[in-house]
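The structure under discussion appears below in the form of structure tokens.
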Ligand SMILES: NC(=O)c1ccc[n+]([C@@H]2O[C@H](COP(=O)([O-])OP(=O)(O)OC[C@H]3O[C@@H](n4cnc5c(N)ncnc54)[C@H](OP(=O)(O)O)[C@@H]3O)[C@@H](O)[C@H]2O)c1
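In this note's numbering, the protein residues as written are 10 to 367.
Structure follows, in structure tokens:
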């Protein structure tokens, strides 16, 4: 083993799509990460909602891949009851690891005490979970521009969006406005409607293809896009609250309390309104897209007509209008979706933490 190899313990919270992809990428990337970055990630704990797989000196690659396999088969990541996240961090520290990384790839709210415990211990934190960053400003503020917090994958699904925004701030280029299509799922639904597919059928197709959450209203509510807009705005230096962002939900309040199957039966009641909106946009050479716009003090998230055939109509993109990029905004666009790209963004954050801060 190389003598200057930095060993970094990693606690992975969450073994869903992103967590499983991350574990595979850590295993597959071992040689590359060692030779390029002179570090080795020792995954000491892997959790899901019920259990924890733990080895203080690092789980073997075979154990990590077996855990992924168990999750694929619908099993818990390990047997037995798991300790709390804070107890896990303490156990890792007691084992002698002074520096490490806690990765939050769950989708749960309320992780703040765990993140705070990790940061207080001198550990780094890498997040794909947006919730701690999108909570009330008073509690979320400390995570923005904290030297040991990374969250590239929270916006842009792995595209270097946060890194670009940080760069613009570093070179003192004031941000005027941020805009983007930030949801692959809503982009798919809008694209289907362009071709005349009724809204309800587009929603069903998105669900069948696995693009939506089990209850598609979680995507259609626009809340996830609102969280992304909030994160970008806050990082740009604007202390926005959720209430400052106007969000258009793509379903009506009457459909909010239905069960998920009943919602799918009733969502066709929205087809005619959507068809008219699409048709009106098309008479003006436009298509409807679900766009987030945020600037100092306010944001708007909802359907907006954009020119048909333009790059903005087909891309999942984020654009930054700044003092230097005023007349032609800086545009980042590309695939930016799916668990592999999201996990790659998290792995990049871990490497960055290991290289710069640990
Ligand atoms: N999927 C994407 O393309 C994408 C893109 C950008 C960002 N993200 C974000 O990345 C995160 C993970 O996404 P995902 O698609 O992997 O979600 P997912 O498949 O729903 O996985 C979530 C995982 O978290 C686990 N979990 C729930 N509560 C937990 C707790 N208290 N402690 C530890 N683990 C807990 C779940 O456990 P069980 O397995 O026991 O249920 C599951 O393994 C989310 O915050 C999501 O918004 C995802």
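All C-beta atoms in this analysis are idealised placements derived from N, C-alpha and C, irrespective of residue type, glycine included.
These numbers come from a predicted model, not from an experiment.
Here's a check: name, in chain order, each residue in its chain whose Cβ is nearer than 8 Å to the Cβ of residue 14, leaving out the five neighbours to either side. One-based indexing of the chain shown puts residue 14 at position 5. Counting only Cβ-Cβ distances below 8 Å, and skipping sequence neighbours, we find 43, 47, 48 and 49.
I think residue 52 touches residue 351, with their Cβ atoms under 8 Å apart; what is that distance to the nearest whole Å? Mapped onto the chain shown, residue 52 falls at position 43. Mapped onto the chain shown, residue 351 falls at position 342. Contact doesn't hold; Cβ gap of about 18 Å is too wide.
Checking 8 Å against the spacing of the C-beta atoms, do residue 228 and residue 195 come in under that value? Within the chain shown, numbered from 1, the residue matching residue 228 stands at position 219. Within the chain shown, numbered from 1, the residue matching residue 195 stands at position 186. Yes; because the gap between Cβ atoms is below 8 Å, this pair is in contact.
Would the beta-carbon of residue 142 be found less than 7 Å away from any heavy atom of ligand 1? Against the chain shown, residue 142 aligns to sequence position 133. No, the beta carbon of residue 142 sits no closer than 7 Å to any heavy atom of ligand 1.
For residue 339, name the three-state secondary structure that DSSP assigns. In the chain shown, the residue the question calls residue 339 occupies position 330. Strand at residue 339.
DSSP on residue 326, reduced to helix/strand/coil? Against the chain shown, residue 326 aligns to sequence position 317. Looking at residue 326 - three-state DSSP - the assignment turns out to be strand.
Indicate whether the contact test is met: 3 or more Cβ pairs, each with one atom in the stretch 136-156 and one in the stretch 282-292, closer than 8 Å. Look at the beta carbons and you see the stretch 136-156 not touching the stretch 282-292: under three pairs across the two are nearer than 8 Å.
Straight-line Cα distance separating residue 246 from residue 137: Counting from 1 along the chain shown, the entry for residue 137 is found at position 128. Counting from 1 along the chain shown, the entry for residue 246 is found at position 237. Straight-line Cα distance between these residues: approximately 21 Å.
Any non-hydrogen atom of ligand 1 within 7 Å of residue 238 CB: Translated into the one-based positions of the chain shown, residue 238 becomes position 229. Outside the cutoff, so no.
DSSP-derived helix/strand/coil call for residue 265: The residue you call residue 265 lines up with position 256 of the chain shown. Residue state, collapsed to three classes: coil.
Please name the residue, chosen from 339, 348, 237 and 282, that lies closest to residue 163 on a Cα-to-Cα basis. Translated into positions along the chain shown, residue 163 becomes position 154. Comparing Cα-Cα distances from residue 163 to each of 339, 348, 237 and 282, the minimum goes to 237.
Less than 8 Å separating the beta-carbons of residue 111 and residue 31? Taking the chain shown and counting its residues from 1, one reaches residue 111 at position 102. Taking the chain shown and counting its residues from 1, one reaches residue 31 at position 22. No. Outside cutoff.
Using only the alpha-carbon positions, how far apart do residue 198 and residue 327 sit? Along the chain shown, read from residue 1 onward, the residue named residue 198 stands at position 189. Along the chain shown, read from residue 1 onward, the residue named residue 327 stands at position 318. C-alpha separation (whole angstroms): 19 Å.
Buried or exposed for residue 346, please, with buried defined as at least 16 other CB atoms from any protein chain shown within 10 angstroms of its CB. Taking the first residue of the chain shown as position 1, residue 346 is located at position 337. Buried.
Please report the distance separating the alpha-carbon of residue 279 from that of residue 202. By one-based count along the chain shown, residue 279 stands at place 270. By one-based count along the chain shown, residue 202 stands at place 193. Cα to Cα, the separation comes out at about 13 Å.
How big is the Cα-Cα spacing for residue 175 and residue 275? Translated into the one-based positions of the chain shown, residue 175 becomes position 166. Translated into the one-based positions of the chain shown, residue 275 becomes position 266. Rounded to whole angstroms, residue 175 to residue 275 spans 44 Å at the Cα level.
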